[in-house]
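Peer 1:
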Amino acid sequence: MSFLTSLFGRKTSAPIARDRLQILLAHERAGEGQSELIAKLQEEILEVIKRHISVDQDKVQIKMDRGAGVSMLEIDIEVPEAKPAAKTA
Amino acid sequence: MAKVLVVTSGKGGVGKTTSTAALGAALAQTGKNVVVVDFDVGLRNLDLVMGAERRVVFDLINVVQGDAKLAQALIRDKRVETLSILPASQTRDKDALTPEGVARVIEELREKFDWVICDSPAGIERGAQLAMYHADQAVVVTNPEVSSVRDSDRIIGMLDSTTERAKKGEKIDKHLLLTRYDPARAARGEMLRTEDVLEILSIPLLGIIPESEEVLRASNLGMPVTLSNPTSAPSRAYFEAVRRLEGETLDVSVPTERKGLFDWLFKRSVA
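Residue numbers (UniProt numbering), protein chains in the order written: chain A, 1 to 89; chain B, 1 to 271.
#1: I need the boundaries of the alpha helix (DSSP H) containing Gln29 (chain B), first residue and last residue.
#2: Run down chain A in chain order and give the residues with a C-beta less than 7 Å from the C-beta of Asp151 (chain B).
#3: Using the C-alpha atoms, what's the distance from Gln29 (chain B) back to Arg29 (chain A)?
#4: Quick check: is the beta carbon of Leu192 (chain B) nearer than 8 Å to any beta carbon in chain A?
#5: Taking a Cβ distance cut-off of 8 Å, strictly less, list which residues of the segment 164-198 of chain B are near chain A, in chain order.
#6: Tell me the DSSP bridge mates of Glu36 (chain A)?
#7: Run through chain A and tell me which residues come within less than 7 Å of Ile124 (chain B), C-beta to C-beta.
#8: So, does the CB of Ile200 (chain B) fall closer than 8 Å to a CB anywhere in chain C?
#9: Counting contacts by CB-CB distance shorter than 8 Å, is Val14 (chain B) in contact with chain A?
#10: Run the CB neighbour count on Glu36 (chain A), radius 10 Å, all protein chains shown included, and call it buried at 16 or more, exposed below.
#11: Run down chain B in chain order and give the residues with a C-beta less than 7 Å from the C-beta of Glu36 (chain A).
#12: If we count the other Cβ atoms within 10 Å of its Cβ and call it buried at 16 or more, is Leu23 (chain B) buried or exposed?
#13: Does the Cβ-Cβ distance between Ser9 (chain B) and Ala166 (chain B) come in under 8 Å?
#14: Can you tell me whether Ala271 (chain B) is buried or exposed, with buried defined as 16 or more other CB within 10 angstroms of its CB?
#15: I'd like to know whether the C-beta of Ser71 (chain A) is nearer than 8 Å to at least one C-beta of chain B.
#16: For Glu111 (chain B), which residues in the same chain have their Cβ closer than 8 Å to its Cβ, ignoring the five residues on either side in sequence?
#17: Taking only three categories from DSSP, how would you classify Asp67 (chain B)?
#18: Return the Cβ separation of Ile200 (chain B) and Leu46 (chain A) in integer angstroms, given the expectation that the two are a contact with Cβ distance under 8 Å.
#19: Should Thr20 (chain B) go down as buried or exposed, given a rule of 16 or more other Cβ atoms within 10 Å for buried?
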């Protein structure tokens, strides 16, 4: 069977399952406060930005990517352009 | 000294009730006084799997609330006389289980039996917490599948933090029971291997129950598999697991069905 799978180049799935679990559980064990931390970071970062510009909630995208060694929190805010001065004809 | 054992998993459908029945029966078959307690209030099934569904009069909640005496609610198994079952309520709400009431019932059961085996409901809420609260030992039932392993990890965390023993700073003995295991698929890399699951969950292995037709057949018949077919592969695995629970050290193997030529030919012709 193994020579067949290698012949067709299809990788076995169990090692993938193991790796996914190891990464996921490392994060989950690190504490349940993790998800709260993300929510808090998001809230406070937005607060700071709102002090300076008005931000539309719908134009804020937050992504999280939990990796084995490092996690990435990505906050994508669409900053509205400063309104051009009204033209006078 | 009675031992309270919780059979738990987090995830549903992994084999908690099947394993509770099989482990309970196997212990009783070796002469121990055993009671299996169904904590799945509202969705009771242990009675059905054990073939006692038509004999239920009172249940755990009746006893917890003082409406029935413990002796009235206990159902003696007809096949193994040292085995009893305390069914869950089918109609009542799980909130009817109070921590004080459960503590009282468990205390009373400890006096009567060698083993008190609590069949936990799925999930991590009240019912599951009450089922594990008084446990001295836990059997974590896990399938070699990602969602089951993840949920088992959560449950292990809860066993170490929210049980009575944990709160007293004492240890609770945790054992992994790997169920529905298919050694051939694991060897082909299609299923998590025992070593993978053990490495991830890092609790000692109680046994490996191979995927088997005998398990469904047993529940169809209303018999723990260790009674319906004691020499089948899953039964041998459960008997070994029970010896480990009793403190024996045995090498863990995956029992396989001993198939005759006739079985093999028959299976071919049907397939």
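Glycine included, C-beta positions come from ideal geometry on N, C-alpha and C.
Bear in mind that the values here come from a model prediction, so they are computed numbers and not experimental data.
Peer 2: Reading it off the structure:
#1: Taking the first residue of the second sequence as 1, we reach residue 29 (chain B) at position 29. Where Gln29 (chain B) is concerned, the enclosing alpha helix (DSSP H) stretches over 16-29.
#2: By 1-based counting over the second sequence, the position of residue 151 (chain B) is 151. Chain A residues near Asp151 (chain B): none, gap ~11 Å exceeds 7 Å.
#3: The residue you call residue 29 (chain A) lines up with position 29 of the first sequence. The residue you call residue 29 (chain B) lines up with position 29 of the second sequence. Roughly 39 Å between the two C-alpha positions.
#4: Numbered from 1 along the second sequence, position 192 holds the residue referred to as residue 192 (chain B). Taking Cβ atoms only, chain A reaches closer than 8 Å to Leu192 (chain B), which makes this a yes.
#5: Ala186, Arg188, Gly189, Glu190, Met191, Leu192, Arg193, Asp196
#6: As a first step, residue 36 (chain A) must be located in the first sequence, where it is residue number 36. Bridge partners of Glu36 (chain A): none, in fact.
#7: Translated into positions along the second sequence, residue 124 (chain B) becomes position 124. Under the 7 Å cutoff, chain A gives no residues; its nearest Cβ is about 12 Å from Ile124 (chain B).
#8: Going by chain labels, chain C is absent from the structure shown, which instead holds the protein chains A and B.
#9: Along the second sequence, one-based indexing puts residue 14 (chain B) at 14. It does not; no Cβ of chain A falls within 8 Å.
#10: For the purposes of this step, residue 36 (chain A) is taken as the residue at position 36 of the first sequence. The residue is exposed, with fewer than 16 neighbouring Cβ atoms inside 10 Å.
#11: Locating residue 36 (chain A) in the first sequence gives position 36, where the first residue counts as 1. Per Cβ cutoff of 7 Å: no residues; Glu36 (chain A) is ~17 Å from chain B at best.
#12: The residue you call residue 23 (chain B) lines up with position 23 of the second sequence. Leu23 (chain B) should be labelled buried.
#13: Locating residue 9 (chain B) in the second sequence gives position 9, where the first residue counts as 1. Locating residue 166 (chain B) in the second sequence gives position 166, where the first residue counts as 1. Not closer than 8 Å, so no.
#14: For the purposes of this step, residue 271 (chain B) is taken as residue 271 along the second sequence, with counting starting at 1. Residue confidence for Ala271 (chain B) is low, a pLDDT of 42 falling below 50, so the modelled location carries little weight and cannot support an answer.
#15: On the first sequence, position 71 is the one that residue 71 (chain A) refers to. With 8 Å as the cut-off, Ser71 (chain A) does not count as an interface residue toward chain B.
#16: Residue mapping note: residue 111 (chain B) aligns to position 111 of the second sequence, counting from 1. These residues qualify, in order along the chain: Ala2.
#17: On the second sequence, position 67 is the one that residue 67 (chain B) refers to. Coil at Asp67 (chain B), not helix or strand.
#18: To locate residue 200 (chain B), count along the second sequence from 1; it is residue 200. To locate residue 46 (chain A), count along the first sequence from 1; it is residue 46. Actually they are not in contact, since the Cβ atoms of Ile200 (chain B) and Leu46 (chain A) sit about 36 Å apart, beyond 8 Å.
#19: Numbered from its first residue, the second sequence carries residue 20 (chain B) at position 20. Thr20 (chain B) should be labelled buried.
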